[in-house]
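Chains A and B supply the protein sequences, listed in that same order.
Heads up: the first sequence begins at -19 in the working numbering, then just goes up one per residue.
Heads up: the second sequence begins at 11 in the working numbering, then just goes up one per residue.
For reference, the structure discussed in these notes is given below.
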Amino acid sequence: MTVTGGGSYPVDVLLVEDSPGDVRLTQEVFRESALPINLHVVADGVEAMAYLRKEGAYANVPRPDFILLDLNLPRMDGREVLAHIKGDEGLKLIPTVILTTSAAEADVVKSYELRANAFLSKPVQLAEFQSLVMSIGDFWLRKAELPSRRGG
Amino acid sequence: MDEGPRRTSDLIEPACGLVPLVFGAVALIGWYSGRSQLASIAPGLVPVEANAALGYVLLGAALLLRTGPADRRRAALGAILAIVAGCIGLATLAEYVTNVDLGIDQLIVVDASGIASHPGRMAFQAMLSLLVMAGSIVLHGRVGRVGLLRWGLALVMFALGYYALLGWWFGAREVMTVFGLGPEVALATTASAFAVGFAGLACRHTPSPTSAVLSRTPGARTARIVVLAGIVGVPIVGWITLGGEGIGLYAARFALVTMVVASAILVAGVGLWVGWSADRFSQAERQAQERLVQVEGRYGGLLEAAPDAMVVVDGRGGIVLLNLQAERQFGYSRDELVGQPVTNIIPTGFAERIVADDLRSAKDALEQQIGTGIELVGRRSDGSEFPIEIMLSPLESAEGILVTAAIRDITERKAAEEKLLQTVDELNRSNVELGQFAYIASHDLQEPLRMVASYTQLLSQRYKGRLDPDADDFIGFAVDGATRMQRLIEDLLFYSRVGTTGAVLGPASSEAALEYALANLRSAIGESGAIVTHDPLPTVLADKAQLVQLFQNLIGNGIKFHGPETPRLHISATSTGDGRWAFAVTDNGQGIDPQYFDRIFGMFQRLHTREEFAGTGIGLAVCKKIVERHGGRIWVESGPGEGSTFRFTLTGSATTP
């Protein structure tokens, strides 16, 4: 049973990002985009897995509909997080998009091998970042058919 | 024993053998035919006994056999014949000593003349000479003490024979008894003793006091003349003197005086001649020696003056000669090395090169190595090793071809080479590090810069016109600065990637690369209305992506820096004949002042303000780096207002991509 992402209820997005500047920038851009999004933020890979497995302080958080994952993270890096998500029966269906400053071929290949749903480079120009966020919202949260969080 | 080539002097001994053979044979024929004058050779002389004559025949044959061409069987047969003759003599001796008739006296022919006390028995002297001759012939060729004994016997025979012969010649019959030892000796005996004695003295191959006279040295030649003058010249003088007196030309006293004077003149003349020739000879010898010393000195001086160690080696790899530098270099004294194998100082690689093997002669082996500098390892007397370079050259000598090896200690050169390699290594490493640094720095710099740029842009978006005009300006400068810095870092990153991430060079169509570049420049060409034309372009050895970049940067520049007219660009390539191609990208743009030709290819070098033309000034630096990475050269031909032609060379490729 699937539902379209373009429903009236807000979508929960988990942002895994350690740089406060990037977190804030992403928050600002999402806010400006006026998309119906609840943005949840964790700063490293360990926190990300705790969030997704609802461990400790995250016992009552909503399951995200979409994950934005940076590769370079303290404690547990994005590649490991990705491997854990895609290796977990309960989590592997959540669309996970890599959003990072790296554009190295090796990182791109590795990410897709670990079944990332997309690999995006953080644009240098603000305007480009804004349009990227709009694209994400438009494609993943509006156009793409996703498995329902409630049906999972 | 000197077994030199056969010479005429080798015929002396066999010829001497003919004398007893012929005399003995004639006497035997005389005995058998009953003609007594034949038995005594000349009329009025004592006949030789038949058994003695047989002995002489045997001895003559023995001498012929033992002194002819070397052959063991001939020599053995000769010895047997001589021993048989000796036995005849021994039997006669026994008869003389014991006074018993052994039947030897009339062994062959019965002497019925009855004139002698013992009919048919040979004279005592004949018996002695038979024994001595036999001994001398049997001992032929012996050296050492026995050889000396043989020589002594020959000398006695020769002297007595000579004495008796002169007695017969001068008609002094009493001399033919030889010191009155017994009855008169037959001419055959005298001549045989003389001949065999002469043969024993004239033996060239056995060292003896007289053999040296037969050598080929000037001294020996002189000595031969003196000896001949003595033993032949003096008797001739005597014979003439005596003959004159005999026919009544002058009295005996006059004859004696004449002979003494003539002999004195002969001896003095020969002496003078000997002295003169000896002087001439010693003078020539001294000159030759001086020349030799001079030559040796010059060569030796050359050897010692040579800056390198010099070692002369023979064909078997033995050291023949060396100079002071070689002594120093290897830490040996001259005496310790001469005659030693060269492998003592150069363990491997040298002897193998010059010593002949199954495949090549020593000469060929050497010829293959002449003039080549061979790097080997030398070993000092203390066992330490050091790098050397040797140069070989042949040296003709009496002992055959020698090899002169100039040996240079190349320790310092090796160290310098090593240091150079190390420096190159370090340079390469530091270049790689620099490239990595540029890449990492520019990559990591992008991160904070993105923050600066993003937030200043966010500020600008949200607060433009909501603060005062100064704030708007300041934010504008910050945004502009951040943007430019981003572009610089991007370009720096790109530039560093040309060297570090380029693909391997392969055949690439430069025409296809040009088409790619034109496609990338489509919007710039469209906006400017530029007309870009090109000739057919060759296949070159290149990194295709970088070739596209090269064309793109050059054509992009040509369009960007256009003149008042419509931009027109033409790309062509001409072969330079050495397998390379010279490309030309010609435009009708503003042109460049020649004083800037070098500067424009530098990093971030600009000739215009940012307000006139955007860009960081990295384009031509990238072009230069690309061309140089391809082993080519890039330059520009231009002048202000004339348009520009950028030229670069690339290596052609025979195969098509």
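Just so you know, even glycine gets a beta-carbon here, dropped at the ideal spot from N, CA and C.
As the structure is a prediction and not an experimental result, all values here were calculated from the model.
Is residue i buried or exposed, if buried means 16 or more other CB atoms sit within 10 Å of its CB?
i	result
Tyr42/B	exposed
Asn40/A	exposed
Asn598/B	buried
Asn567/B	buried
Ala95/B	buried
Val544/B	Per the sequence presented here, residue 544/B reads as His, with Val not at that position. Classification for His544/B: buried.
Ile125/B	Unreliable placement is indicated for Ile125/B, whose pLDDT of 49 sits below 50; no coordinate value is reported for it.
Asp45/A	buried
Gly99/B	buried
Ile39/B	exposed
Gly113/B	exposed
Ser(-12)/A	A caution first: Ser(-12)/A carries a pLDDT of 47, below 50, which makes its placement in the model too unreliable to give a value.
Val387/B	exposed
Tyr473/B	exposed
Phe593/B	buried
Glu27/A	buried
Thr200/B	buried
Have a look at the options and flag the residue whose alpha-carbon is nearest the alpha-carbon of residue i.
i	options	result
Phe447/B	Lys634/B, Phe607/B, Arg418/B and Leu503/B	Leu503/B
Phe33/B	Asp20/B, Glu23/B, Pro57/B and Ser19/B	Pro57/B
Phe134/B	Gly27/B, Gly181/B, Thr187/B and Gly171/B	Thr187/B
Asp588/B	Val462/B, Thr659/B and Ile569/B	Thr659/B
Arg231/B	Ile250/B, Gly248/B, Val284/B and Leu211/B	Val284/B
Glu647/B	Glu385/B, Ile602/B and Gly210/B	Ile602/B
Ser394/B	Gln556/B, Ala425/B and Pro357/B	Pro357/B
Ile518/B	Gly70/B, Thr665/B, Ser218/B and Leu312/B	A quick correction: the sequence has Ala, not Ile, at residue 518/B. It is Thr665/B.
Arg326/B	Ser391/B, Gly649/B, Thr493/B and Leu412/B	Leu412/B
Arg590/B	Gly625/B, Asp553/B, Val542/B and Gly641/B	Gly641/B
Leu276/B	Asp289/B, Val303/B, Ile246/B and Ile257/B	Ile246/B
Leu79/A	Asp(-2)/A, Lys123/A, Pro(-10)/A and Ser13/A	Asp(-2)/A
Phe119/A	Pro103/A, Gln105/A and Ala98/A	Ala98/A
Thr661/B	Gly162/B, Arg418/B and Leu515/B	Leu515/B
Val77/A	Ala84/A, Arg4/A, Ala86/A and Lys66/A	Lys66/A
Val104/A	Ile485/B, Lys474/B and Arg494/B	Arg494/B
Leu51/A	Leu5/A, Ser101/A, Val21/A and Val9/A	Ser101/A
Leu557/B	Gly162/B, Thr626/B, Val107/B and Glu638/B	Glu638/B
Gly210/B	Glu59/B, Ile147/B and Leu469/B	Ile147/B
Ala4/B	Gly181/B, Arg45/B, Tyr173/B and Val185/B	Residue 4/B lies beyond the residue range present for chain B, which begins at 11 and ends at 667; the question has no answer from this structure.
Arg338/B	Ala319/B, Thr353/B and Glu346/B	Ala319/B
Ala144/A	Ala534/B, Gln605/B and Tyr449/B	Any question about residue 144/A goes unanswered here, given that chain A covers just -19 to 132.
Arg55/A	Val9/A, Leu106/A, Val22/A and Gly117/A	Val22/A
Tyr31/A	Leu5/A, Pro0/A, Ala14/A and Leu(-5)/A	Leu(-5)/A
Residue i bridges to which residues according to DSSP?
i	result
Met320/B	Ala416/B
Thr76/A	Ile47/A
Trp591/B	Ser585/B and Leu660/B
Asn18/A	Asp(-8)/A
Gln639/B	In the sequence as presented, Gln is not what sits at residue 639/B; that position holds Arg. DSSP lists no partner for Arg639/B.
Leu331/B	Val322/B
Ser101/A	Thr80/A
Glu647/B	Thr655/B
Ser580/B	It is worth fixing the name first, because residue 580/B is His in this sequence and not Ser. According to DSSP, which records beta bridges pairwise, His580/B is partnered with Thr543/B and Thr596/B.
Ala86/B	In DSSP, Ala86/B forms no bridge with anything.
Ala518/B	Val550/B
Phe396/B	Gly388/B
Gly410/B	Ser407/B
Against chain A, with Cβ distances strictly below 9 Å, would residue i count as a contact?
i	result
Gln562/B	no
Leu468/B	yes
Tyr473/B	no
Tyr465/B	yes
Thr493/B	yes
Does chain D have any CB closer than 9 Å to the CB of residue i?
i	result
Thr81/A	In summary, chain D is missing from the structure at hand, where the protein chains are A and B.
Against chain B, does residue i count as a neighbour if the rule is that its beta carbon must be under 9 Å from one of theirs?
i	result
Asp(-8)/A	no
**Asked** At a Cβ cut of 8 Å, what residues of the segment 96 to 124 of chain A count as close to chain B, listed as they run along the chain?
**Response** Lys102, Val104, Gln105, Leu106, Ala107 and Phe109
**Prompt:** Can you list, in chain order, the residues of the segment 446 to 463 of chain B whose Cβ is nearer than 8 Å to any Cβ on chain A?
**Reply:** Gln456, Glu457, Leu459, Arg460, Met461 and Ala463
**Item:** Where the segment 495 to 520 of chain B meets chain A: residues whose CB sits under 7 Å from a CB there
**Value:** Sequence-ordered contacts of the segment 495 to 520 of chain B with chain A read Gln496 [C-beta pairs closer than 7 Å].
**Prompt:** Quick one, which residues of the segment -4 to 20 of chain A are near chain B if we go by CB-CB under 7 Å, in chain order?
**Reply:** Gly1, Leu5 and Glu8
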